[in-house]
Structure formats: C-alpha cells, structure tokens
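J.: So that we are looking at the same thing, I have put the structure below in structure tokens.
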Amino acid sequence: MLCGARHGGCAAQHLTTTGHHVDDMTDTFLRLTPLEVALSAPVGAVAEVVRPRPLGSARAALERAVLPAVRSGRCHVLFSGGRDSSLVLAVATAVARRESLPLPVPVTAVYPGLPESDESGWQELVLRHLGLGRGIVVEVRDERGLLGEVSVASLERRGLVWPAAVQSQPVLLGDLPEGAHVLTGEGGDGVVAGSRGTPLHLLASSRRRPSRDLVRAALGAIEPSWLAVRRLRRGGSLDGAAPWLTPRALDVLVRETVAARGPLRWDAAKRALLERRSTVLALHNTAAGAAERGLTLVHPLGDAGFVAALAADGGARGFRGRTDTFRRLASDLLPDAVLARTTKARFNTSRWGDRERDFALSWDGSGVDPSLVDAGRLRREWLGTPLPAARFLVHVAWLASAPRATRAGA
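Heads up, the sequence shown is in our numbering, so the first residue is 123 and it goes up one at a time.
Next comes the structure, spelled out in structure tokens:
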C-alpha cells in the first residue's frame, strides 16, 4: 500500500497502469512529503510493487497496453511529434487498423511565438506516414502558465500536486468529450532509454577506440555508491542544479541522485523505474487529474506489462541506447528519421512569464522551509530563467501567500 505517501487517509484501492496498489484515482492524489516539497520532486522508492511476468515481446506488450483505449472507440493520443508520443500514436494506429476499429485522434498543442517549441515538421512527417489527419489542435499562449488562471483555479481546489503540469491539464484536455480515453508518451524518457550499465555495454562491444566520454561514463557506472556520494559532496557538482537549496537539502539531493542511478543490470534497472516514487506520483497524479474530468488517461510506456517485457527483451546488457530501443519497437511503423532524431522541443517559456515574475517580486518568503530552501536565492532564480525545480516552488509559495479562503484544497 502507498497510503503513507498520500496526504490524508486511505480510500478504496485501485490498480494503476504501473501495477501499483494506490488509493482511488478518480478523486485523490498522491502527495509529496515536506522534504520532497523542498526538493521539488519525490525521492526514494515505494514499498510494494506488483511485478507481472513478461508475456511475449515488448512490442506485443505495448499493443496490449493501448488496446483498451483503442477498443473504446474514443481513443485520443497526446501527440507532440517527439519520439515517445509518436511511438504511442503509431502503435495505437496499427492496433486500430488490425482490429478494424476507429483510428486514434491526435491531440496536439501548438505554441505561437515560441520557435523553440515548434515541432510542426516532425508532426507532419509522422501523421503523413501513419495516414492520419491533424486531429485536435490546441493553441496555447500563456494559458499553461504556472500562475495562470487555469493553474490558480486548480491550486485553490486541489492544493499542491506534483508534477505542476497537472494543474494546467484542462488547457489540453478541456475540449475532449467525457468518457474519452487518452494515451500519453509519459514514462518514455526513463523506460525507452539507456541505463546506468549502458556505457559498459557500449565499451565492451566497441570495435573502435572508445572516446574519453564513453570511458568516463563507464567508470562512473561502476563507481560504488558511497564513493559517488563522497565525490559529489566534495566536488559540489550539484550546487548549480539547485542553488536555492541549503547544505542540508543538497545533501539529500546528492544521496537521491546516486540512488536514482539504479542497478547496473539493464533489465533490473528498467524494473526498478516503476519502484521510484517519482514514477509512481507522475503517472498516478496525471491520470487522477484527468479522471476528475471524466477522462481515462493511460501511460502505455509506463505500463507494468510493457516494462516487464522490455526488460526481458533486453536482458542483463540491454540495448545500445534510446535510438536502438525505438528501432526495435517500431522500425516497421515510423520513419527512421523519427526513430533516430536527437532534437527535442522546449516549452519552458510557455510556463513562466510576467505573472510569475511579478509574484516573485512581491513574495514575502513564506511557504518554504528555511532549513531547506534559501528564499533569497530562490527569488533570484525566479527573476531569471528558472530551472524546473524552482518553478514548482512557485506553487508552494503561492499557496502560502494566497488568502486563507482560497486555500481550502491545500
């Protein structure tokens, strides 16, 4: 049970797409601990995880993961044009055609005026290759701002929820019909990627003289945890990752960073991802937020059956990296240019603008634990181009600063 991870008591038990028993997803969220709030992310692992046995190949497992949504006849896919969402859309489309079911509808957000977010070329390439129409296009300007009207209304009702993007979900999902099933590419960054031991595999299989970077990465992979912690503490290499954290909080961040490396074995590392609280909260809370709107949000790349099958396919050494994994999963479904792309869109400026900076200027420092967070440094971070972890803390500060009458959900 994950009741200790929640804010409040336990309700009816349900099984999430990651195979975890958690409280009723339709109206509850998994909450951060006070320490996690300061770090802007969950830390550690959960106590109990359901680990299904792998059934067939990873591709077959991924098809099973999308099948209920496709069979609903109201399948939508949050599609950015990136590799993760392209993979999910391609598999869902293939399953729909095989089963003679309605094709999934892509749901794409576009950000006018933000050239770094433009994925239109990749989106058109994928949709044309799959024979799909444009689907639903949502134009976003500042509606997803962390202190925009949508996020503030959600904060007033729900209180603090991680990840922060849950608060602005209505911007993307608001026009979808009640009862729709929505597939996402969430989880792909960790699951469809290399692992701690990947540099060792690449080094052992290389027929050419390895680069210094590869040798350095391989040595880092086998570095004992205690030594890695000591090196990070002495070198201060994480100070720049969160300059607003106090030494006490940075020490926790160092230990969490080392623990998050995971096992050396590729298959064990994939399975361990579903035990991380960061994975559990991200997949559960996004689905819980959508469920409040009558939508079923599904994360096929975080599906426990898919992860188990992918781990079994890769074995101890795994694949050669993210591109190799994508090619093994969908070389027959997507152009290789998509499977092998290395670029990625950025959406940071769509979340942080004048409203957030104005709040930073007026903020009195309340809401954060001074033993963990230096309010002055945090304010300076906010007034520049803040890192993602700093941006989350604006919700913490806003809830502490807002009139008590607006904080019923906190």
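We treat Cβ as the ideally placed atom computed from N, Cα and C, and that holds for glycine.
Are G489 and A512 closer than 8 Å when you measure CB to CB?
T.: No.
J.: Pull up the DSSP beta-bridge partners for L324, would you.
T.: Partner(s): none; L324 has no beta bridge.
J.: When you compare the CB positions of G540 and R318, do they come within less than 8 Å of one another, or not?
T.: The structure shown has nothing for residue 540, since the chain only spans 123 to 532.
J.: If you reduce the DSSP assignment to three classes, tell me which class P190 lands in.
T.: Three-state DSSP puts P190 in a helix.
J.: Report the residue from A340, A364, R338 and E378 whose alpha carbon sits nearest the alpha carbon of R352.
T.: When only C-alpha atoms are compared, the closest one is E378.
J.: When we look at the beta-carbon of S239 and count the other beta-carbons within 10 Å, is it buried (16 or more) or exposed?
T.: Burial call: buried.
J.: Taking the alpha-carbon positions, what's the G178 to E308 distance?
T.: Near 22 Å, if we compare the C-alpha coordinates of E308 and G178.
J.: Here's the rule: buried if 16 or more other CB atoms are within 10 angstroms of the residue's CB, otherwise exposed. What is G130?
T.: Confidence at G130 is low in this model, with a pLDDT of 34, below 50, so the placement of that residue is unreliable and no value is reported for it.
J.: Work out the CA separation of G301 and V192 for me, nearest whole Å.
T.: V192 and G301: Cα-Cα distance of roughly 13 Å.
J.: If you draw a straight line from the alpha carbon of G270 to that of A187, how long is it in whole angstroms?
T.: Cα-Cα distance, rounded: 34 Å.
J.: Based on the DSSP secondary-structure assignment, which residues constitute the bridge partners of E261?
T.: E261 pairs with V232.
J.: When the Cβ atoms of the segment 223–243 are set against those of the segment 324–343, are three or more pairs found closer than 8 Å?
T.: The answer is no - the segment 324–343 does not touch the segment 223–243, with fewer than three Cβ pairs under 8 Å.
J.: Am I right that V460 and R263 are in contact with their C-beta atoms under 8 Å? What's the rounded C-beta distance?
T.: Actually they do not touch by this definition, with Cβ atoms about 28 Å apart.
J.: In the segment 299–387, which residue ranges form an unbroken beta strand (DSSP E) of at least 3 residues, counting only runs that do not cross its ends?
T.: If we require 3 residues or more, the beta strand (DSSP E) runs fully inside the segment 299–387 come out as 303–305.
J.: Quick one: grab the DSSP three-state call for T447.
T.: Note: T447 maps to helix in three-state DSSP.
J.: With 16 other CB atoms within 10 Å as the buried threshold, where does E478 fall?
T.: It counts as buried.
J.: What does H198 pair with, by DSSP beta-bridge criteria?
T.: Beta-bridge pairing links H198 to V227 and V304.
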